[in-house]
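This report concerns only the one structure given below.
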Amino acid sequence: IIYPPETRTGIKTMSLNYLLDNETDPVIWRGPVIASAVKQFWEEVAWEDTDCMFIDCPPGTGDVPLTVFQTLPVDGIVVVTSPQDLVSMIVEKAVNMAKMMDIPVIGIVENMSYFKCPDCGNIHYIYGKSNIDKVAEDMGIKNVAKMPIDPHVAEYIDAGRAEELDASALDTIFKDI
């Protein structure tokens, strides 16, 4: 049994990186080994009574999301993206894969959607204007959250205080989870 580390507020986390001798070592695995690791994290980690679990998959439709969809009891997914046009195509592929496998798509979260200047309040689209509303509409997804670029995110995460960040932009998606 693997006992997952907990944050200060009691959120259990698990990462392959926790098991490496050196955190900068690359993990060069093919599909069957990745599939085995996903199953092992589900079956051999002491999750106890968990109401909700988020599994961070690599972008697209590769071995990890496929294994998760095929082997775990997934109630729905939240797709995370960014404003670039190329990323929208990858999101559409991931959503189509979920739909083909009868996995509900709860919502889409767009990270780095915009930057709101703390001095003047103007909004700047650092990575280009968002087209996530159109993508969501075309894909039949009702819940969309746009997360601004927040200079404090890295500071809070590096200090182990991620739970203290303002995530109110995600409220509509959390209500459906």
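Numbering of the sequence shown is given in the working numbering, commencing with residue 35 and proceeding in unit increments.
In this text, a Cβ means the ideal position worked out from N, Cα and C, and glycines have one as well.
Please read these numbers as outputs of a predicted model, since none were measured by experiment.
Would you tell me roughly how many angstroms separate the C-alpha atoms of I89 and I157, rounded to the nearest one?
Rounded to the nearest whole angstrom, the C-alpha separation of I89 and I157 is 31 Å.
Could you name the residues that DSSP lists as bridge partners for A196?
According to DSSP, A196 bridges with nothing at all.
Spatial neighbours of G110 in its chain, beta-carbon cut-off 6 Å, leaving aside the 5 residues before and after
By the criterion of a C-beta distance shorter than 6 Å, G110 is surrounded in its chain by P138 and I140, once the five residues flanking it on both sides are discounted.
Pairs of beta-carbons, one from the segment 178 to 188 and one from the segment 145 to 160, closer than 8 Å: are there three or more?
Between the segment 178 to 188 and the segment 145 to 160 there are three or more C-beta pairs closer than 8 Å, enough to call the two in contact.
Are the CB atoms of T105 and K127 nearer to each other than 7 Å?
No; because the gap between Cβ atoms is not below 7 Å, this pair is not in contact.
Helix, strand or coil at A179 [DSSP, three-state]
It is a strand residue.
Cβ separation of V108 and V72, assumed to be a contact under 8 Å, to the nearest whole Å
At roughly 12 Å, the Cβ-Cβ gap does not stay under 8 Å, so V108 and V72 are not in contact.
Express the C-alpha separation of C154 and V112 in angstroms, rounding to a whole number.
Rounded to whole angstroms, V112 and C154 show a C-alpha spacing of 33 Å.
Residue interval of the alpha helix (DSSP H) (run including V121):
From DSSP, the alpha helix (DSSP H) with V121 extends over D119 to M134.
Between which two residues does the beta strand (DSSP E) harbouring V61 extend?
No beta strand (DSSP E) contains V61, which DSSP labels as neither H nor E.
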